[in-house]
Amino acid sequence: MSRPAPAVAVRGARWLLWAAGLTVLALSVAVAITIGPADLSVRDVFAVVGQHLGLGDAGVSRIRDGIVWELRLPRTLLAAVCGAGLAICGAIMQSLLRNPLADPFVLGISSGASTGAVTVVVLGVGGGILTLSTGAFIGAVVAFAMVLLLAAGAGGTPDRVVLAGVAATQLFSALTSFVVTSSADAEQTRGVLFWLLGSLSGAGWSDVVTCGTVCVVGLAVCLTLAPALDAFAFGEDAASSLGISVRWVRLLLLVVTALITATLVSAAGAIGFVGLVLPHAARAVVGPGHRLLLPATALIGAIFLVWVDTVARTAFSPQELPVGVVTALVGVPAFAVILYRRRRPA
Amino acid sequence: MSLATRHVSWSIGARRVVDDVTLDVAPGTVVGLLGPNGSGKSSLLRLLAGVRTPSSGQVLLDGEDLARLRRRDVARRIAVVEQHAQTELDLLVSDVVTLGRIPHRSTWAAESEADREAVAQALERVELTSFAGRSWHTLSGGERQRVHIARALAQRPQELLLDEPTNHLDVHHQLDLLSLVRRLEVTSVIALHDLNLAAMFCDRLVVLRDGAVVAAGTPSAVLTPELIADVYRVRAVVTPEGPGGVPSVRFEPGPPLVHRPA
Chain A
19 MSRPAPAVAV
29 RGARWLLWAA
39 GLTVLALSVA
49 VAITIGPADL
59 SVRDVFAVVG
69 QHLGLGDAGV
79 SRIRDGIVWE
89 LRLPRTLLAA
99 VCGAGLAICG
109 AIMQSLLRNP
119 LADPFVLGIS
129 SGASTGAVTV
139 VVLGVGGGIL
149 TLSTGAFIGA
159 VVAFAMVLLL
169 AAGAGGTPDR
179 VVLAGVAATQ
189 LFSALTSFVV
199 TSSADAEQTR
209 GVLFWLLGSL
219 SGAGWSDVVT
229 CGTVCVVGLA
239 VCLTLAPALD
249 AFAFGEDAAS
259 SLGISVRWVR
269 LLLLVVTALI
279 TATLVSAAGA
289 IGFVGLVLPH
299 AARAVVGPGH
309 RLLLPATALI
319 GAIFLVWVDT
329 VARTAFSPQE
339 LPVGVVTALV
349 GVPAFAVILY
359 RRRRPA
Chain B
8 MSLATRHVSW
18 SIGARRVVDD
28 VTLDVAPGTV
38 VGLLGPNGSG
48 KSSLLRLLAG
58 VRTPSSGQVL
68 LDGEDLARLR
78 RRDVARRIAV
88 VEQHAQTELD
98 LLVSDVVTLG
108 RIPHRSTWAA
118 ESEADREAVA
128 QALERVELTS
138 FAGRSWHTLS
148 GGERQRVHIA
158 RALAQRPQEL
168 LLDEPTNHLD
178 VHHQLDLLSL
188 VRRLEVTSVI
198 ALHDLNLAAM
208 FCDRLVVLRD
218 GAVVAAGTPS
228 AVLTPELIAD
238 VYRVRAVVTP
248 EGPGGVPSVR
258 FEPGPPLVHR
268 PA
């Protein structure tokens, strides 16, 4: 249960660890791009990227250039961004709600996003002006606002937030099912279902830029609040007596995590279990201090989802699996291990 | 005065949990808060810590209204040891004590030499230096309380507020813990259940009933059979000059001899 060595021993090696982590991420992205039909090499990938960054002509064929630059690179980068963002959100929610099993989906944010997306796609609300992504974003924000109002009305304590989230999840799931079964045709149902389970197949550069910006800004905000997150270890009163403005910090962090989740869900659908499982993995490596935990969580989340999406894309090629299905297949056993390891003598 | 309250009240809904409390805590003293369950001891401590804001009245720290001070500045002055503070995280003892440095550290700064020194001193003060690398969840109740006191000391407070710190500790650890608090060079306010411990370790006692102060003063002035009968509804025999020159209280079965006048 406990970490092997106190921080002192690790301190010197810390920069090395970060460098290694970033290298693994960069290589994962490069290698993941080569996997699949078209027989690309890592050298081709670097050549294409170099060419687009203006580092000279690489002599890679146009088709291959297109596959790397237009299809696989944005998709793989979006996977990395989503993995990082969802994992950070999970880490924040777990600390803030003092619940090791919390993640963005507990708050019903993704259910709200799904309802919003379905409403736009199936019912045609918005008259063609609203896209699926916008619908998802609006749904996520509405769901989150509902959860916060409900929780505030019930006293605003962390367990109330979780209960309000459970209620919202149920409500929005039911609404989604209602819309799909009552109005969608077979074609629409297939499309919506694929998105509901999470998919990075539609990834483009604009998604990468939007999600990447939101995640980087979000991570920066959360890092400035890292000491405050540490202070929540023994609850809100303890945090308050350590000089933290609990209400303000809680509100700010909940809003940031909701915005990150809403943005990611609107781009890639509902990818579960990343936020739940990976923060625990990161804690096992760097310990519970948030100044290290948050970047480590982001890094592990990014690497994880890059590989999971590669599996989802290629395992049953040419048929794609929804990435959420793969994260759940990996995540549920990991979740069981966490539960098992968390048992303590009474 | 270090900490003081002026007509402080605090309500949840229609219920007045703390009712018009005015008290003064002199610097360097140990003040015991007594009273039955639900008499408002914990709530009063939270108001003194500034963790709750009074519905009316003021809490004063060196004459300044606590509600107007920044949370961080308050946390550098006042440290709190809660009753049964628990965590789900896998923290080491040193992690817990280091939390006490949060009010002293700027957002981006890493742990400084001063932080490490404060943590080491705090651990030494509670005699847990060798426990620094132990996991929090492997500690006994008494050890956990001492770790919390170390965390509070790492805050370098001038005021220390403790909410029933001896709960669930055996007699040895109760005495141990309160002697430790007594030796610290801080002003302390301690909520306590045990009247004898209160008499042994406190300079002054404040007795609450239904959120209001019913008695305040030295242990010998406050701990009388009449007051105990009145507040706790039990029969007690008090030896005014007990061991150590402080009152000693023994309870007897049966209804209290003195009834509260209607």
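Protein chains in written order, with the working numbering: chain A, 19 to 364; chain B, 8 to 269. For every residue, glycine included, the Cβ atom is placed at its ideal position computed from N, Cα and C.
The beta carbons of A/Gly130 and A/Gly103 sit no closer together than 8 Å. By the Cβ test, the segment 274–282 of chain A is not in contact with the segment 68–88 of chain B, since fewer than three Cβ pairs between them sit closer than 8 Å. Around A/Pro306, the beta-carbon contacts reaching into chain B at under 7 Å are Leu96, Asp97, Leu98 and Asp102. Within the segment 92–177 of chain A, the alpha helix (DSSP H) runs of at least 4 residues that lie entirely inside it are, in chain order, 127–141 and 150–171.
With a cut-off of 8 Å on Cβ pairs, the segment 81–91 of chain A is not in contact with the segment 140–150 of chain A, counting fewer than three such pairs. Per the C-alpha coordinates, the member of A/Ala346, A/Trp325, A/Thr332 and A/Leu339 positioned closest to A/Thr94 is A/Trp325. B/Arg132 and B/His111 have their C-alpha atoms spaced approximately 19 Å apart. In the DSSP assignment, B/His14 falls within the unbroken beta strand (DSSP E) covering Leu10 to Ile19. Contacts between A/Leu260 and chain B, judged by CB atoms closer than 7 Å, involve Ala82, Leu106, Ile109 and Pro110 in chain order. B/Pro250 counts as exposed, since fewer than 16 other C-beta atoms from the protein chains shown sit within 10 angstroms of its C-beta. Taking all protein chains shown into account, A/Val355 has fewer than 16 neighbouring C-beta atoms within 10 Å of its C-beta and is therefore exposed. Following the DSSP letters along the chain, one finds B/Ala127 inside the alpha helix (DSSP H) bounded by residues Glu120 to Arg132. The alpha-carbon of B/Val66 is positioned some 8 Å away from that of B/Gly57. Put simply, the CB of A/Thr242 is near chain B, with a gap under 8 Å to one of its CB atoms. Per DSSP, B/Gly224 is one residue of the beta strand (DSSP E) stretching across Ala219 to Gly224. Shortest Cα-Cα distance from A/Leu243 to any of A/Arg309, A/Ala202 and A/Gly209 involves A/Arg309. Within the DSSP bridge table, the entry for B/Ser195 names B/Val37 and B/Leu167 as partners.
When the alpha-carbon of B/Ala219 is set against those of B/Ser18, B/Gly261 and B/Ser255, the nearest one is in B/Ser18.
The segment 162–176 of chain B makes contact with the segment 186–203 of chain B, as at least three CB pairs between them are under 8 Å.
Linking B/Pro61 to B/Ser16 through their CA atoms gives a straight-line distance of about 6 Å.
A/Ala31 sits in coil when the DSSP states are folded into three classes, being neither helix nor strand. Taking A/Gly253 as reference, the option from B/Pro260, B/Glu95 and B/Asp80 with the minimal CA-CA separation is B/Glu95. Identification of residues in the segment 216–248 of chain A having a C-beta nearer than 7 Å to some C-beta of chain B yields Thr242, Pro245 and Asp248, given in sequence order.
Looking at B/Glu248, B/Gly252, B/Val241 and B/Thr246, the one whose alpha-carbon comes closest to that of B/Pro260 is B/Val241. Under the DSSP assignment, B/Leu30 falls in the beta strand (DSSP E) whose first and last residues are Arg22 to Val32. Contact of B/Val87 with chain A is assigned, a C-beta pair being separated by under 8 Å. Among the residues facing chain B, A/Ser335 is not included, as its CB has no counterpart in that chain under 8 Å away. Boundaries of the alpha helix (DSSP H) around A/Thr207: Ala204 to Leu214. Rounded to whole angstroms, A/Thr175 and B/Thr12 show a C-alpha spacing of 28 Å. One Cα belongs to B/Val126, the other to A/Ser224, and the distance between them is close to 48 Å. When DSSP states are grouped into helix, strand and coil, B/Ala243 belongs to the strand group. When the beta-carbon positions are compared, A/Phe291 and A/Phe353 come within less than 8 Å of each other. Contacts between B/Thr114 and chain A, judged by CB atoms closer than 7 Å, involve Thr242 and Pro245 in chain order.
Take A/Thr328, set aside five residues on each side of it, and the residues of its chain with a beta-carbon closer than 7 Å to its own are Ala50 and Ile53, in chain order.
Cβ neighbours of A/Thr187 within its own chain (closer than 6 Å, five residues either side excluded): Gly126 and Ser129. For B/Gln128, the closest Cβ of chain A is not nearer than 8 Å.
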